[in-house]
Structures are given as C-alpha cells and as structure tokens.
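Be aware that the sequence shown starts at 1028, since it is given in the numbering used here, and climbs by one per residue. By construction, the Cβ of each residue, glycine as well, lies at the ideal position given by its N, Cα and C atoms. The block underneath contains the structure these notes are about, expressed in structure tokens.
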Amino acid sequence: MKICVDPGHGGSDPGAQGPTKLDESKVNLDVSKFVCEHLKESGYDVKLTRSTEIYIALSDRCEIANEWGADWFVSIHCNSDGPSAVGIETLYKSNAGKDLAVVVQSALIAATGDVDRSVKYRDNLYVLNGTSMPAILVEIGFISHPETEKKLRTKDYNVIIAKAIVDGINEHLLV
Ligand SMILES: [Zn+2]
C-alpha cells in the first residue's frame, strides 16, 4: 500500500502565518514527517512530496503522487481566519476520500480535543482534483488562533496530530 504525504506550501510560499509568526509550511512539514515515520512503522510505502523547505507547484505535487502510483494521497495544512476561529476539519472530493476523511477526522478530534468542524466536500482544491487516487486534505488546526499556534509550535503536539492521522489511516486501511 503506497501513501503519498503532502506537506502543504514550502519555500517561497510559507502559507498562513500565526500571530507570533509561526509559518504554516514549517508545521505542515514537521507533522508530515512524523506521519511518514509512523506510516512506515505500520508497514506502508510512503513518499513525501517535499522533505525540506522548498517550493513545489501544486501540479508537481499531483504528478509526484500520480507517477509513483500512490494508492492514497494525504495533504497536510493549517487553517487560518480571524483570531477566534478554531478547530480541525478534513476535506475530500471522492467517495473513497470521504470514507478515509471520516475516520481520520474522528481520530484527530479524539486525540486533541479540538473543535470538530467535521469533514467537508470540496471540488475546488487543486490537489484533490489533480490526483488520480483517493485524496484527503487535513486542516490540522487554525494557526491564526493564538492558543492553537502555541500548541503547533511544540513537537509533542505535532506528534499527537501525526499519530492520530496514522491511527485513522490504519483503522480504515488495515482491516
Ligand atoms: Zn495551507
């Protein structure tokens, strides 16, 4: 089973920024690397679309997954809005993506106690449209929310997030 993990943004595109200047691209990469480690421990073949702070076009991210022949695609992002917006949500487009999104979302809420913004159908996201395998995009928290940003700075919290994502994947795929 091949899983492509996609740390959103990177390099010249830092993504959103928290109130104390934490870059989304850094959090996405940290969490994705932990996801990658734990997936490998569970026996999956794993590929990251990036493993350093470099810019990769959305089309290239899709191509990496498509050419490799990934069975699943998991993109990791942080949300951003006003300072009071809070919670975790998981986005999908395909039905198969939705099935995975549901278990990953509930594992994340159970592990973090963060607000459950549920799973959401999105037909306007490049990586969900451009990948040829079932895909999800996990918004692991609002980097714009001061308390969440503080947590996302810590390795401990990012490991909790990563393990929850892998628990959800295992629950769905290791039947
Ligand atoms: Zn993002």
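If you measure from the beta carbon of residue i to each beta carbon in chain B, is any gap under 8 Å?
i	result
Leu1135	This model lacks chain B altogether; it includes just one protein chain.
How big is the Cα-Cα spacing for residue i and residue j?
i	j	result
His1199	Val1062	15 Å
Ile1136	Glu1090	31 Å
Ser1078	Ser1111	31 Å
Asp1098	Ala1123	11 Å
Glu1064	Gly1109	33 Å
Mind checking whether residue i and residue j have CB atoms under 8 Å apart?
i	j	result
Ser1059	Leu1085	no
Gly1042	Ser1052	yes
Leu1127	Pro1173	no
Using DSSP bridges, identify the partner residues of residue i.
i	result
Cys1031	Lys1074 and Phe1100
Gly1037	Asp1040
Lys1147	Leu1118
Val1165	Ile1103 and Thr1117
Asp1057	According to DSSP, which records beta bridges pairwise, Asp1057 is partnered with nothing at all.
Thinking residue i and residue j are a contact (beta carbons under 8 Å), I'd like their distance in whole angstroms, please.
i	j	result
Asn1093	Thr1175	The Cβ separation is near 33 Å, so there is no contact.
Asp1033	Arg1088	5 Å
Glu977	Ile1115	Beyond the ends of the chain as shown, which are 1028 and 1202, falls residue 977; an answer cannot be given.
Quiz item: What is the chain-ordered set of residues for which the beta carbon lies under 5 Å from any non-hydrogen atom of ligand 2?
Solution: Questions concerning ligand 2 fall outside what the structure shown contains, since the ligands it does hold are ligand 1.
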